[in-house]
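> So the sequences go chain by chain: A and B.
Okay, so the first sequence: first residue is 1 according to the numbering used here, each after it adds one.
Okay, so the second sequence: first residue is 1001 according to the numbering used here, each after it adds one.
Cβ coordinates follow ideal geometry from the N, Cα and C atoms, glycine included.
Just so we're clear, the structure is a prediction, and the values are computed from it rather than from any experiment.
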Amino acid sequence: MPLAHGPGCRTLMAMTESQETRKHSPGSWLRIAAVGRNPKTTLIRMVVLAAVCVVVFKYILLPVRVTGISMEPTYHDHSVNLINSLAYLRHEPQRGDVVGIRLTPGGEGSSTPRVMYLKRIVGLPGETIAFINGRVIVEGTALDERYEKWRCDWNCPPVTLGPTEYFVVGDNRTMPRRDHVFGRVQRSRIVGRAFL
Amino acid sequence: MKIGTRLFLIVVVVAAGIWIWTLVHPSPDRVIRKRLAEVANAASFARGTGYFANVTGAERLAGFFATNAEVDIDMPGHSRQSLSGREDILQTALGARATLKSLSVEFPDVTLVVNRDKESAIADLTAEGRVAGDSDMFIQEMKFTLKKIDGKWLITRVETVQTLQGGGG
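1) Figure out for me which residue from B/Leu1094, B/Ile1032 and B/Gly1017 has the closest Cα to the Cα of leucine 1146 of chain B.
2) Could you tell me whether the segment 53-60 of chain A touches the segment 127-147 of chain A, using the rule of 3 or more Cβ pairs below 8 Å?
3) If the cut-off is 8 Å on Cβ atoms, which residues from the segment 180-191 of chain A count as contacting chain B, listed in chain order?
4) What number of angstroms, rounded off, separates the C-alpha of valine 159 of chain A from the C-alpha of glycine 1063 of chain B?
5) Going along the chain, which residues of its own chain have a beta-carbon closer than 7 Å to the beta-carbon of threonine 1067 of chain B, five neighbours each way excluded?
6) Should the segment 1153-1161 of chain B be called in touch with the segment 172-184 of chain A, which here means at least 3 C-beta pairs below 8 Å?
7) Exposed or buried, aspartate 1134 of chain B, counting other C-beta atoms within 10 Å across all chains shown (16 or more means buried)?
8) What are the residues that DSSP puts in a beta bridge with serine 1082 of chain B?
9) For the beta strand (DSSP E) that contains isoleucine 1139 of chain B, what are its first and last residues?
10) With a cut-off of 7 Å, does the C-beta of glutamate 1141 of chain B fall near any C-beta of chain A?
11) Of the residues that make up the segment 59-78 of chain A, which ones have a beta carbon closer than 9 Å to any beta carbon in chain B?
12) By a C-beta neighbour count over all protein chains shown, 10 Å radius and 16 as the cutoff for buried, is aspartate 97 of chain A buried or exposed?
13) Quick one: using the 10 Å Cβ neighbour count with 16 as the cut-off for buried, is serine 85 of chain A buried or exposed?
14) What does a CB cutoff of less than 8 Å around asparagine 1057 of chain B pick up in its chain, not counting 5 residues either side in sequence?
15) Please list, in chain order, all residues of the same chain as leucine 1112 of chain B whose beta carbon is under 7 Å from its beta carbon, the five residues on each side excluded.
16) Which residue from B/Leu1103, B/Arg1116 and B/Gly1151 puts its Cα closest to that of glycine 1129 of chain B?
17) Does leucine 30 of chain A come within less than 7 Å of chain B when only Cβ atoms are used?
18) Can you look up cysteine 53 of chain A in the DSSP assignment and give me helix, strand or coil?
19) If we cut at 7 Å on Cβ distances, does proline 1028 of chain B have a partner in chain A?
20) Can you find a CB in chain B that lies within less than 7 Å of the CB of proline 105 of chain A?
21) Please list, in chain order, all residues of the same chain as valine 1110 of chain B whose beta carbon is under 7 Å from its beta carbon, the five residues on each side excluded.
22) Taking 7 Å as the cut-off, decide whether the C-beta atoms of tyrosine 166 of chain A and threonine 74 of chain A are in contact.
23) By how many angstroms is the C-alpha of methionine 1142 of chain B removed from the C-alpha of valine 1175 of chain B?
24) Consult DSSP for isoleucine 69 of chain A and reduce its assignment to one of helix, strand or coil.
25) Does any C-beta atom of chain B lie closer than 7 Å to the C-beta of proline 113 of chain A?
26) Compute the Euclidean distance between the alpha carbons of valine 80 of chain A and valine 66 of chain A, then round it to the nearest angstrom.
27) Measure the C-alpha to C-alpha separation of aspartate 1150 of chain B and glutamate 1119 of chain B and round it to an integer number of angstroms.
So this is what it looks like as structure tokens:
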């Protein structure tokens, strides 16, 4: 390999040193940290990332803030959660799923709701549901509810669900029955499953 | 002028014309949504609102209703309330403003169906309210029936809807 000598070589070495100094100067590091080595690529990445975030958090994982105590102790008042709107693309809602329920009728073309109920599914379409001394009775058999920590004394007569209806209730059954919103809901109102 | 530029200018002029037309002649859907937002705004009041402002606010709210409007509110944890006529609504609004320190009302999700005759419509919406001193907000599905009377969209009926049926609440 040829070695460089002489005054020309010194000039070349000086230039390389100056480039190295510029490369490692605090200003250049800051610039790289802020906009990357290639600002154009960084800008494209940022636009793509923003677009992905908008699509994901507006249409797929809907951010919600829990308000109220009806899902205690599973979900606390003012906690944050996500509703996965794609959860029921391949299968129908299951018993035990915590779901987001829209208050206004859904359907094709309807926008993503801003306000939802957060409830747990205890009854599936066609089943008969009742509350006896606080226990959920499905088709005459008491439901094993491990998520329910506090017992209650609610009593509700049997309700038979329609072919597209689910029975939903909150986990906090210590609330007075009249203050707790629960009951039958149409499948079309179920937006998705709680992600967290 | 090149043909491409001419075409572009024609498209721009047509688009601007359509935009101005929609501004001048808004669709019933747009008018009703705007009106519902105004209703929510009129139903809200801040802490420390004076007597005359309260009266004006209540009158403004009552003005969105037809003279023979009916209101039937049945919310969980509250006693059922039925109002009949604009005067009744005005008195209740005044009473609420005298009792509550402040109230913030919003209609975040509105599903609107305008009838074919474009003279009546039904709005299914979520009412979200926050009362001063109350940590919880109230949320209720409601149905508003509106009719076009003398060129104005007025509310003829308001009723609460049970989102979850056959349970509590």
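Quick answer:
1) Along the second sequence, read from residue 1 onward, the residue named residue 1146 of chain B stands at position 146. The option with the nearest alpha carbon to leucine 1146 of chain B is B/Ile1032.
2) no
3) His180, Val181, Phe182, Gly183, Arg184, Val185 and Arg189
4) In the first sequence, the residue the question calls residue 159 of chain A occupies position 159. In the second sequence, the residue the question calls residue 1063 of chain B occupies position 63. Their backbone Cα atoms lie some 43 Å apart in a straight line.
5) In the second sequence, the residue the question calls residue 1067 of chain B occupies position 67. Excluding residues within five positions, the ones whose Cβ falls inside 7 Å are Gly1085 and Arg1086.
6) Taking 8 Å as the limit for Cβ pairs, the verdict is that the segment 172-184 of chain A does not touch the segment 1153-1161 of chain B.
7) Here the question's residue 1134 of chain B lines up with position 134 in the second sequence. With fewer than 16 Cβ atoms within 10 Å of its Cβ, aspartate 1134 of chain B is classed as exposed.
8) Taking the second sequence and counting its residues from 1, the one referred to as residue 1082 of chain B is at position 82. DSSP output for serine 1082 of chain B lists B/Asp1072 as bridge partner(s).
9) Looking up residue 1139 of chain B in the second sequence gives position 139. Run containing isoleucine 1139 of chain B: 1138-1149, per the beta strand (DSSP E) assignment.
10) For the purposes of this step, residue 1141 of chain B is identified with residue 141 of the second sequence, where counting begins at 1. Taking Cβ atoms only, chain A reaches closer than 7 Å to glutamate 1141 of chain B, which makes this a yes.
11) Thr67, Gly68, Ile69 and Asp77
12) In the first sequence, residue 97 of chain A corresponds to position 97, counting from 1. So aspartate 97 of chain A ends up on the buried side.
13) Position 85 of the first sequence holds residue 85 of chain A. The C-beta of serine 85 of chain A has 16 or more other C-beta atoms within 10 Å across all chains shown, which makes the residue buried.
14) On the second sequence, residue 1057 of chain B is found 57 positions in, with the first residue counted as 1. Correcting the residue type first, residue 1057 of chain B is glycine in the shown sequence and not asparagine. Around glycine 1057 of chain B: Ala1042, Phe1045, Thr1049, Ala1093 and Arg1097.
15) Position 112 of the second sequence holds residue 1112 of chain B. Excluding residues within five positions, the ones whose Cβ falls inside 7 Å are Asp1029, Ile1032, Arg1033, Ala1121 and Ala1123.
16) Looking up residue 1129 of chain B in the second sequence gives position 129. Considering only alpha carbons, the answer is B/Leu1103.
17) Here residue 30 of chain A refers to the residue found at position 30 when the first sequence is read from its first residue. Chain B contact via Cβ: absent.
18) As a position in the first sequence, residue 53 of chain A is number 53, starting the count at 1. Of the three classes helix, strand and coil, the one that applies to cysteine 53 of chain A here is helix, per DSSP.
19) Numbered from 1 along the second sequence, position 28 holds the residue referred to as residue 1028 of chain B. No - not a single Cβ of chain A is within 7 Å of the one on proline 1028 of chain B.
20) In the first sequence, residue 105 of chain A corresponds to position 105, counting from 1. Closer than 7 Å: yes.
21) The residue labelled residue 1110 of chain B in the question sits at position 110 within the second sequence. Closer than 7 Å at the Cβ level, and outside the excluded window around valine 1110 of chain B, lie Arg1033, Leu1036, Ala1123 and Leu1125.
22) Mapped onto the first sequence, residue 166 of chain A falls at position 166. Mapped onto the first sequence, residue 74 of chain A falls at position 74. Result no, Cβ atoms of tyrosine 166 of chain A and threonine 74 of chain A do not sit closer than 7 Å.
23) With chain B represented from 1001 up to 1169, any question about residue 1175 of chain B goes unanswered, as that position is not in the structure.
24) Reading the first sequence from its first residue, position 69 is the one you call residue 69 of chain A. Note: isoleucine 69 of chain A maps to coil in three-state DSSP.
25) Taking the first sequence and counting its residues from 1, one reaches residue 113 of chain A at position 113. Proline 113 of chain A counts as touching chain B.
26) Stepping through the first sequence from its first residue, residue 80 of chain A is reached at position 80. Stepping through the first sequence from its first residue, residue 66 of chain A is reached at position 66. Near 6 Å, if we compare the C-alpha coordinates of valine 66 of chain A and valine 80 of chain A.
27) For this step, residue 1150 of chain B is matched to residue 150 along the second sequence. For this step, residue 1119 of chain B is matched to residue 119 along the second sequence. About 10 Å.
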